[in-house]
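Taking my numbering, the leading residue of the sequence shown gets 469, the next gets one more, and so forth. Everything below concerns the one structure shown next.
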Amino acid sequence: KVGILAKLLHNQGGNLSAEQQGVASRMIRFSDNDCATELYNEIGAENGLNQLFQELGMNSSHCNGHWAFTTTTAADQLRLLHEIFLNPGSTYLNQQSRQYLQSLMGQVTPSQAWGISAGSSRFYIKDGWNTSSGWNVSSIGAIPGKYTIAIYTVAPSFERCRSYIEQLALVTRQVISWLKKSTSLVFGP
């Protein structure tokens, strides 16, 4: 869903109508699938989403007939998150588009604020799942001023996937905090 909105913002130079903004807000903040389908169709459906993947070098991502059947990797999602959170000089998304995406990801409804947000008081997030071949659960986003993170899991149940994601998010936060304090390595947002 984040990719759909990124492509729409790119296509329109960040200038969405009031109606598009309402649909985009429901898609990201409430994970509304009907809204995702509406905006997916606006970007050119499968061709539009695959074009985004090509434009951002997301070489392991592919839309297979409908946005809900997209295959991707955590590494590819980090490329997308880089454009949104870590690349102020992006030629793909202008500053207005980046801020809009960040705003929506920072205001998800509490029922959608699980996953990479574990252990963080401030975060930008988009979670999702697919049950076409077992439980495939994902959580992507950013911890402001610290790092971007994308976690994809497969397990027999949603609860187990969510638990894995939240445990990994907590460990990641602890390791990065420790590394920043304990070494001269530079980690950047």
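From the three backbone atoms N, C-alpha and C, an ideal C-beta is built for every residue, glycine too.
Please confirm if the segment 515 to 532 is in contact with the segment 575 to 591, defined as three or more CB-CB distances below 8 Å between the two stretches.
Judged by Cβ distances under 8 Å, the segment 515 to 532 makes no contact with the segment 575 to 591, as fewer than three pairs qualify.
DSSP-derived helix/strand/coil call for Ile-633:
Taking the first residue of the sequence shown as position 1, residue 633 is located at position 165. Ile-633 falls in the helix class under three-state DSSP.
Which of the three DSSP states, helix, strand or coil, is assigned to His-550?
Position 82 of the sequence shown, counted from the start, is the residue given in the question as residue 550. DSSP places His-550 in helix when its eight states are reduced to three.
Considering only C-alpha positions, which residue in the set Met-495, Leu-647 and Ser-600 is nearest to Asn-532?
If you number the sequence shown from 1, residue 532 lands on position 64. Checked all of Met-495, Leu-647 and Ser-600; the closest Cα to Asn-532 is Ser-600.
Within 10 angstroms of its Cβ, does Ala-486 collect 16 or more other Cβ (buried), or is it exposed?
As a first step, residue 486 is located in the sequence shown; it is residue number 18 there, counting from the start. Counting Cβ neighbours within 10 Å, Ala-486 comes out exposed, since fewer than 16 surround it.
Beta-bridge pairing of Gly-602 - partner residues as DSSP gives them
Along the sequence shown, one-based indexing puts residue 602 at 134. Answer by DSSP bridge pairing, in chain order: Ser-600.
Looking at the structure shown, is Leu-484 part of a helix, part of a strand, or coil, going by DSSP?
As a first step, residue 484 is located in the sequence shown; it is residue number 16 there, counting from the start. The answer is coil: DSSP assigns Leu-484 none of H, G, I, E or B.
Nearest-angstrom Cβ-Cβ length linking Gly-587 and Arg-628, presumed shorter than 8 Å
Here residue 587 refers to the residue found at position 119 when the sequence shown is read from its first residue. Here residue 628 refers to the residue found at position 160 when the sequence shown is read from its first residue. So it is not a contact: roughly 19 Å between Cβ atoms.
Between which two residues does the alpha helix (DSSP H) holding Ala-472 run?
Residue numbering aside, residue 472 sits at position 4 when the sequence shown is read from its first letter. For clarity, residue 472 is Ile in the given sequence; the question names Ala instead. Counting along the chain, the alpha helix (DSSP H) containing Ile-472 begins and ends at 470 to 479.
Contacting residues, own chain, Cβ-Cβ under 6 Å from Asn-604 (five flanking each side not counted)
Looking up residue 604 in the sequence shown gives position 136. Counting only Cβ-Cβ distances below 6 Å, and skipping sequence neighbours, we find Asn-598 and Val-622.
Below 8 Å between beta carbons: does that hold for Leu-554 and Leu-524?
As a first step, residue 554 must be located in the sequence shown, where it is residue number 86. As a first step, residue 524 must be located in the sequence shown, where it is residue number 56. Result no, Cβ atoms of Leu-554 and Leu-524 do not sit closer than 8 Å.
Under a three-way DSSP split, which group does Ile-619 fall into?
Here residue 619 refers to the residue found at position 151 of the sequence shown. Three-state result, Ile-619: strand.
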